[in-house]
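Student:
Protein chains in written order, with my numbering: chain S, 784 to 1042; chain D, 1081 to 1447.
1. Taking C-alpha atoms, which residue in D:1391, D:1166, D:1291, D:1191 lies nearest to residue 1178 (chain D)?
2. If we count Cβ pairs, one from each stretch, closer than 8 Å, do we get three or more for the segment 1370-1378 of chain D versus the segment 1135-1154 of chain D?
3. Nearest-angstrom Cα distance between residue 817 (chain S) and residue 993 (chain S)?
4. Which word fits residue 815 (chain S), buried or exposed, when buried means at least 16 other C-beta atoms lie within 10 angstroms of its C-beta?
5. To test your reading of the DSSP string, which unbroken alpha helix (DSSP H) runs of 4 or more residues are found completely within the segment 1182-1244 of chain D?
6. Closer than 8 Å by beta-carbon distance: list the chain D residues that pair up with residue 974 (chain S), in chain order.
7. Output needed for residue 1410 (chain D): all residues of its chain with C-beta closer than 7 Å, excluding positions within five of it in sequence on either side, in chain order.
8. What does residue 904 (chain S) pair with, by DSSP beta-bridge criteria?
9. Taking the beta carbon of residue 1434 (chain D) as the centre, do at least 16 other beta carbons fall within 10 Å, making it buried, or is it exposed?
10. With 16 as the cutoff for other CB atoms within 10 Å, does residue 1212 (chain D) come out buried or exposed?
11. Starting from residue 1323 (chain D), find everything on chain S with Cβ-Cβ shorter than 8 Å and list it in chain order.
12. Report yes or no: is there a C-beta of chain S within less than 8 Å of the C-beta of residue 1043 (chain D)?
13. Spatial neighbours of residue 1085 (chain D) within its chain, please: C-beta separation below 6 Å, excluding the five flanking residues on both sides.
14. Can you tell me whether residue 1404 (chain D) is buried or exposed? The criterion is at least 16 other CB atoms within 10 Å of its CB, across all chains shown.
15. Give the residues of chain D in contact with residue 900 (chain S), contact being defined as C-beta atoms less than 9 Å apart.
16. By the 10 Å Cβ neighbour count, where 16 or more other Cβ atoms means buried, how is residue 1250 (chain D) classified, buried or exposed?
17. Quick one: what's residue 1013 (chain S) bridged to in DSSP?
18. Among the residues of its own chain, which have a CB less than 6 Å from the CB of residue 1093 (chain D), if the five just before and after it don't count?
19. Over the uninterrupted alpha helix (DSSP H) stretch that includes residue 805 (chain S), give me the two end residues.
20. Spell out whether any CB of chain D is found under 8 Å from the CB atom of residue 887 (chain S).
21. Is any beta-carbon of chain S found at less than 8 Å from that of residue 1083 (chain D)?
22. Using a beta-carbon distance below 8 Å, is residue 945 (chain S) in contact with chain D?
23. Who are residue 816 (chain S)'s beta bridge partners in DSSP?
24. Taking the alpha-carbon of residue 895 (chain S) as reference, which of D:1272, D:1176, D:1313 has the nearest alpha-carbon?
25. Can you name, in chain order, every residue of its own chain whose Cβ lies under 7 Å from the Cβ of residue 829 (chain S), other than the five neighbours on each side?
26. Under 9 Å between beta-carbons, which chain D residues line up against residue 891 (chain S)? List them in chain order, please.
27. Would the segment 1103-1114 of chain D and the segment 1419-1436 of chain D be scored as touching if the rule is three or more Cβ pairs under 8 Å?
28. For residue 936 (chain S), name the three-state secondary structure that DSSP assigns.
29. Closest to residue 785 (chain S) by C-alpha separation, out of S:880, S:979, S:884, S:952, would be which residue?
30. Thinking C-beta only, is residue 1168 (chain D) closer than 8 Å to residue 1292 (chain D)?
31. Any beta-carbon of chain D closer than 8 Å to the one on residue 1024 (chain S)?
32. For a quick check, are the C-beta atoms of residue 1244 (chain D) and residue 1180 (chain D) less than 8 Å apart?
33. Can you list, in chain order, the residues of its chain whose CB lies under 8 Å from that of residue 855 (chain S), leaving out five sequence neighbours each side?
34. Along the chain, which unbroken stretches of the alpha helix (DSSP H) at least 4 residues long are found entirely within the segment 1106-1156 of chain D?
35. My output table needs one value for residue 1249 (chain D): the three-state DSSP class, helix, strand or coil.
36. In chain S, which residues lie less than 8 Å from residue 1319 (chain D) when you measure between Cβ atoms?
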């Protein structure tokens, strides 16, 4: 197994007197999909925001590519190859796929006052990259609003990959999607993983996690409840871990095990 | 892979020219312009569409249009500026005082006026960005503040009057004057008149001595704004900042910088209109630019700009302003009572908003 690209060691984060993370350890290797599971309020958001440079950990160490790092901003994290795809905050529906794809990193031609967008290049790259993700766009200047939720996620993922992400953090990419779109996003995750990119897949859906995950880490009340390999854990065990064990056992028996 | 490419190509052909046209934000404005033109072609004296008539309605259209361009860009960037009308009066005051009281030449008075306007724009922007209040309310405050300051300033500069005169004398012979006042290409028009290619008075002088300079500014600025919006990274940032502030920030767009620049630009557009109209009138007064902020926003909206930001075009605002000029001046060529003007404009605005909204929902798949 290859060396981890990112190692988060005993990360703690406090907001005032609230302890959001109480010592979380987590790592991602190139080409794997590491699922981070947890119920609402478990600390998933705080944790990924720490990894993507939004928050600075109160205590703990982050090692990226073998070097200890401190991120002061999301830009630092991006420069280190860590890209985050937020659920709803990545795309602008009224703008074209190309304009979204290159938003903030527009390719230009010419110099000085004649600097202009290289539209032909941008359109070509967008079509190619979307093709590689298995989406045939009608045209590159199609508005993102015309795409389905799953396709939008895919544009965001393709964009992060194209701009050199080595680790991709996906924040609940499937939570708002229907069955078929979810399948598409999971297929995209698989495709990206095969390119050697590490994926952190945040979800609270055990089935989605088991469909693509290589390893599974469960967060509960700001702590990790251990990491398990694919094939070493059953859906029921994961579900129990997420819910903190006991309470759900009682609930599940009353619901006939359908949760 | 080959099969997929084939499929992509096949689907490409389904986009007809018509569908492409439907997607342009300026579609509504073009349709509106055609309608208004047809209306006046049927009801107005044909003189309206002679060269003199066209210059007649294009001049106020250009003065409004320069404001509308700034308003449109700012609206695409997700903000409003209700203070542009008052800004025209305030910039007029600064310009008038610079020329008459301080006795500055144009080469200093113009940069000074533009700089003061840009500063006020930046102040607007800073307040909006720092307080995170809607720009609507912040600039509404400046609508009154600037109008009031113009009144007070004029009284101070003139010793009690609300009109500052004597600007014509103070700029006479200034070498910059032809850039901001009068008509362009008089030689060309004289040449055309000599050959009987345009209408002349009995003494042989052309009826239209040249293109009023504001029309040239209007054309150049429209082209420039369109270039920036569609062909530069800044354009992409403007759309992004107005479309979704958070998404733009997450993608590394300097939203703050973009919005400050847009507020400054809008104020500078107002300053340019002030300079041109003050030079033309030879005086400035406190009512200059009255209610122009609404007309500029209406022109931008008729041009396809969305009230919620992130969508619109400079070319649309261009046509929106021309519709304004046509209706305003056109009614004088008809037997229709001129007081219908505002009814006409209000209806136009309503139709444009409903139409643009429907079209946008269809093409962008927004629900």
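Ideal Cβ placement from N, Cα and C applies to all residues, glycine included. As the structure is a prediction and not an experimental result, all values here were calculated from the model.
Tutor: A quick look at the data gives this:
1. D:1191
2. yes
3. 10 Å
4. buried
5. 1186-1211, 1215-1238
6. Within chain D, no residue comes near residue 974 (chain S); the closest Cβ sits about 13 Å away, beyond 8 Å.
7. 1120, 1124, 1128, 1137
8. In DSSP, residue 904 (chain S) forms no bridge with anything.
9. exposed
10. exposed
11. 875, 876, 877, 878
12. Within the shown structure, residues of chain D are numbered from 1081 to 1447, placing residue 1043 (chain D) beyond reach of any answer.
13. Any reading at residue 1085 (chain D) must be qualified, since the residue scores a pLDDT of 41, below 50, and its modelled position is unreliable; the value itself is stated next. Nothing listed; no residue qualifies.
14. buried
15. 1310, 1311, 1312, 1313, 1315, 1316
16. buried
17. Answer is none; residue 1013 (chain S) lacks a bridge partner.
18. Note that residue 1093 (chain D) scores a pLDDT of 47, beneath 50, so its modelled location is shaky and nothing firm can be said.
19. It is not in any alpha helix (DSSP H) - residue 805 (chain S) instead sits in the beta strand (DSSP E) that spans 801-811.
20. yes
21. Low confidence applies here, because residue 1083 (chain D) scores a pLDDT of 39, under 50, leaving its location unreliable and the question unanswered by this model.
22. no
23. S:982
24. D:1313
25. 796, 803, 804, 838
26. 1312, 1313
27. yes
28. helix
29. S:979
30. no
31. no
32. yes
33. 836, 839
34. 1107-1123, 1131-1156
35. helix
36. 875, 877, 878, 882
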